[in-house]
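Respectively, the protein sequence lines represent chains A and B.
Each step along the first sequence adds one to the number in numbering that gives the first Met the number 0, with nothing skipped, and position 145 is 144.
Each step along the second sequence adds one to the number in numbering that gives the first Met the number 0, with nothing skipped, and position 274 is 273.
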Amino acid sequence: MKSLLSTLVLTTALTMPGLAMARQVTLTTNLKTYGGDGAYLALYVTDASDTYVGSLWMAGGKSKYYKHLTGWYRATGGDTAQVNGITGASVGAGRSLEITLDLADALFDAGYTLHIDAAVEDMRDSPNEVSVPLTTDGVGTPVTGRRYIADFTYDM
Amino acid sequence: MIRALHRWPGLLALALVSALALSGAALSVFPAADRLTAPQAEAGLTVAQLSERIQAVYPTVEQIRRAPSGRITAYWFDNDTPGAAIIDPATGQGAGSADPNPVERWLTNFHRALLLGDGGRLVMAAGALAMLVLSVSGAALVARRMGGWRHWFAPLRGTVPGRLHVELARVAVVGLVLSSVTALWMVAVTFEVIPENAAMPEFPAEVSGETGIALADMAVIGTTPVAALRELSFPYPNDPTDVFTLRTDQGTGYLDQGSGALLAWADLSLWERISETIYMLHTGQGAAALGLVLGVMALGVPAMGATGFLIWLSGRRGRPRIRGNVAAGRAETIVLVGSEGGSTWGFAATLHAALTQAGQSVHVAPMSSFDPARYGHAERMIVLAATYGDGDAPASAKGFLDRLDALDRAPDIPLAVLGFGDRSFPAYCAFAKAVAAAAQAKGWPGLMGMDMIDRQSPQDFARWGRDLGQAMGIALDLIHHPVLPKTEALTLIARRDYGAEVQAPTAILRFALPRVSLWQRLTGQGFARFDAGDLIGILPEGSPVPRLYSLASGRRDGFVEIVVKKHPGGLCSGQLAALEPGDTVTAYLRRNPGFRPRRDATPLILIGAGTGIGPLAGFVRGNARQRPIHLFFGMRHPSSDFLYGEALRDWQDKGLLTRLVTAVSREAKPQYVQDALRGDAAQVAQLIRDGARVMVCGGRDMAAGVTDALAEILAPSGLTPATLKAEGRYVEDVY
């Protein structure tokens, strides 16, 4: 899948398009061939005290399935306003999702964690499929997921 | 109107609806298979007990799900490797792979979205809508055809595609309505047109922070039976702030992993309950038997599509287009048509065209749509009515008499009735007469006296047209050219002559099979399929009116054979009598399903004289299964007009013909075929009592004589030709 997005609507404090104190980050999620339909993925960030800060991306358009992204759903109460304008299609098995966005500098090396919840129809829900601290050292280092995600990388 | 609502969605969505139905039928098998193969939990087992069993085998279990089929699946992580299995609830052990069935998944994606995304879903939704429109309009058509909803399952008649179409439809329509309505609901939910308001409880702000309570001691989990379980998610390992999440058929709740207390609970919303019920009704998941029934009903859809297509095709061929048909509310003249085979529509079209040319506005419709309230500007009504069988209403006139009867008073506009029929049948124009009588009884004013058209005679019709013009005060010239089916050129390959010496020059003419296109072969049209007893219409040079001859051969014989007697001055028979091998005639095929041996092994009594031997000889020739056949054949003299003489002896030797009885009329002691029957009365009566079927072919006088003879023969056994006819055991092809 090509780069889906380069500009983002400013929905949360996380993304700051065109500002000097932001940097362009590319998030790449490669899925395993898990033998099922397209996966719903929720990418979101929590702070050092595990409190939800904001969402980065929602792959999957039908909000009735969002309750299967358990971690995200609990954190947001299923509030679709959290992903308004940053929602795309679900990601097929073996495919990859690449998102480019401007992330605030302040999010790095400050105890923030990026989470990905995943869910597939008729298969297990996988909250916290990936959970990776946002650090400058971690840039370019692939992290493996638990069930559906082969690896996840963030690059600058 | 309803017909158009049925026809066009049907033709346009034929492939789509068939694809939906077939994939749906295939999918209907899975819930039943799941139900049969999934190990079921014993009654009274609680969620806690089940979970403990699973935990004992898979200590890191993190989610347990129960499908509506009762199948239980557990998911766990073992050293960061995800695992999943179908669980035998009796032991907690894995009992099979939890991977989704790839065939079912493919079929599901095809069924709901043609393997495409949301665009595919919308296409399939359109298919479901077409199915609903077809079901509803089709049901209305069936009710109209059967003469009301109460007669829904009344016996059918008509062509095979027509009967099959309705036969399937009136059983399957319930399932198709259910499947299409639920499908549309599910699409609406998917596209969030209908809210599904998943009621999820607020995540608890505070938990006890403890862990390790025994499942059996927990609220709800400890008491909920497995049958009510949807899903149980365990808290994230080593996270004391996490909770148990339990979904049941009542709602969703969070439970503390230390105290076991129910921290939050939300009942299923009304929308969720409705959607779940609809999901169950559509997929059969949780109602496997219903699913199978719906699946079987869906299988009827492609068959209905195919038969519907054939009905449309034959309707298009048999029924002329009426151009410029004025709406019922605006027309001055209403023409109602009662037609069985479609030929009366041709007359209606001629009448419509002539009246329109004379400056009239005319509405033509089937008699079954009779509704005086709609004829706001009408000044007169004309009924063109054929007759079905012994005086029944033809197909397009169903319900007319009932509707007329139900009116408080007859319409004020004057009525003209024109009957179509064959004067040689006792029930000549009987239905038209019944209509005229009913109208008179109701006090309906007449425009002109009732008239009748014999054997589609263009002359009769033109004469009636002049009378009608006079009654209306206009000059009306009705020139009717019957709409003929597509004709073929038939080439004579052999002829055999008989009867010249007895003043009955007769010939057996054998033509080569005409070339049949692939399309005709697929649809069984024209000469692609015919049997002995069917008719061919031959168009003589110099006349547009075809002459019908009975076929003495079937398609399997590899040739087209007829028996023709030359009539003095006969245009067509004269031309046929002069044919030499290599010459051609113009002909078309007309099916004659009423005159055909049934496909069973009951004995046949075939009775014929002169050229009437043709189809009977064809039946004997095609008697590969060697059912008993007794043939009574009347001729003038065996040395001259013993048609098929040698062949009959040959067939007798081969066992195709059981017995041949001949009657000879030009001898010292003249005998007719009915005399031969009387001479053999005992055996004939015995055969008929034992179920034999009688088929008579030949001239009208002979047929009448045979009926009298049979009446005598059968009298002692209490049977009559009439009762046999009613049972379909006595059929005639008479000319």
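Cβ atoms here follow ideal geometry from the backbone N, Cα and C, with glycine treated the same way.
- Between B/Ala-384 and B/Val-434 a beta carbon distance of about 6 Å is seen, short of the 8 Å cut, so the two are scored as contacting.
- Between the region 590-601 of chain B and the region 650-670 of chain B there are fewer than three inter-stretch CB-CB distances shorter than 8 Å, so the stretches are not counted as touching.
- Beta-carbon to beta-carbon, A/Leu-113 and A/Val-131 are separated by about 5 Å, close enough to satisfy the 8 Å threshold.
- Of the other Cβ atoms in all chains shown, fewer than 16 fall within 10 Å of the Cβ of B/Leu-517; this residue is therefore exposed.
- Where B/Lys-564 is concerned, the enclosing beta strand (DSSP E) starts and stops at 558-564.
- By the 16-neighbour rule on beta-carbons within 10 angstroms, B/Ser-542 is exposed.
- Residue-level contact by beta carbon fails for B/Gln-249 and chain A, as no gap is shorter than 8 Å.
- The secondary-structure analysis by DSSP pairs B/Val-382 across a beta bridge with B/Leu-335 and B/Val-416.
- The C-alpha of B/Ile-606 is placed about 6 Å away from the C-alpha of B/Phe-632.
- With a threshold of 8 Å between beta carbons, B/Gln-62 makes contact with chain A.
- Close to B/Ser-232, with beta-carbon spacing below 9 Å, are these residues of chain A in chain order: Thr-69, Asp-124 and Pro-126.
- The region 108-167 of chain B is shown to contain whole alpha helix (DSSP H) runs of 4 or more residues at 117-145, in chain order.
- For B/Cys-428, there is no enclosing alpha helix (DSSP H), as DSSP gives it neither H nor E.
- At the C-beta level, B/Gly-259 and B/Ile-212 come within 8 Å of one another.
- Short of 8 Å from the beta carbon of A/Ala-149, and not among the five residues preceding or following it, lie these beta carbons of its own chain, in chain order: Asn-29, Leu-30, Lys-31 and Thr-143.
- Close to chain B, meaning a Cβ-Cβ distance shorter than 7 Å, are the following residues of the region 24-35 of chain A: Gly-34 and Gly-35.
- Sorting B/Tyr-729, B/Val-176 and B/Thr-181 by C-alpha distance to the C-alpha of B/Leu-280 places B/Thr-181 at the top.
- Residue burial is scored here from C-beta neighbours: B/Leu-113 has at least 16 other C-beta atoms within 10 angstroms and is therefore classed as buried.
- DSSP places B/Ala-12 in the coil class of the three-state scheme, outside both helix and strand.
- Nearest CB-CB separation between B/Pro-58 and chain A: not below the 8 Å threshold.
- In this structure, the beta-carbon distance from A/Asp-116 to A/Thr-69 falls below 8 Å.
- Minimum Cα-Cα distance from B/Glu-645 among the listed residues B/Val-334, B/Val-206 and B/Ala-616 corresponds to B/Ala-616.
- Its chain contains Leu-550, Arg-590 and Asn-591 as the residues whose beta carbon lies nearer than 6 Å to that of B/Asp-533, once the 5 sequence neighbours on both sides are disregarded; these appear in chain order.
- At a cut-off of 8 Å between beta-carbon atoms, A/Arg-146 makes contact with chain B.
- B/Leu-4 is positioned such that its CB atom lies closer than 8 Å to that of B/Val-132.
- At a C-beta separation below 7 Å, A/Arg-73 has these neighbours in chain B: Phe-202.
- Linking B/Ser-136 to B/Ile-1 through their CA atoms gives a straight-line distance of about 6 Å.
- Nearest to B/Lys-565 by C-alpha distance, out of B/Asp-496, B/Ile-85, B/Leu-477 and B/Phe-109, is B/Asp-496.
- DSSP places B/Glu-540 outside any beta strand (DSSP E), giving it a letter other than H or E.
- Nearest to B/Glu-230 by C-alpha distance, out of B/Thr-240, B/Asp-216 and B/Arg-246, is B/Arg-246.
- For A/Gly-77, the residues of chain B that pass the 7 Å Cβ criterion are Met-199, in the order they occur in the chain.
- Distance from the Cα of B/Ala-503 is smallest, within the candidate group B/Asp-255, B/Pro-720, B/Ser-572 and B/Gln-524, for B/Ser-572.
- The beta carbon of B/Arg-454 sits closer than 6 Å to the beta carbons of Asp-421 from its chain, once the five residues preceding and following it are set aside; these are given in chain order.
- Pairing B/Asp-238 with B/Leu-44, the inter-Cα distance amounts to about 29 Å.
- Residue contact with chain A for B/Ala-84: absent (no Cβ-Cβ distance below 8 Å to any residue of chain A).
- Within 10 angstroms of the beta-carbon of B/Trp-184 lie 16 or more other beta-carbons, which makes it buried.
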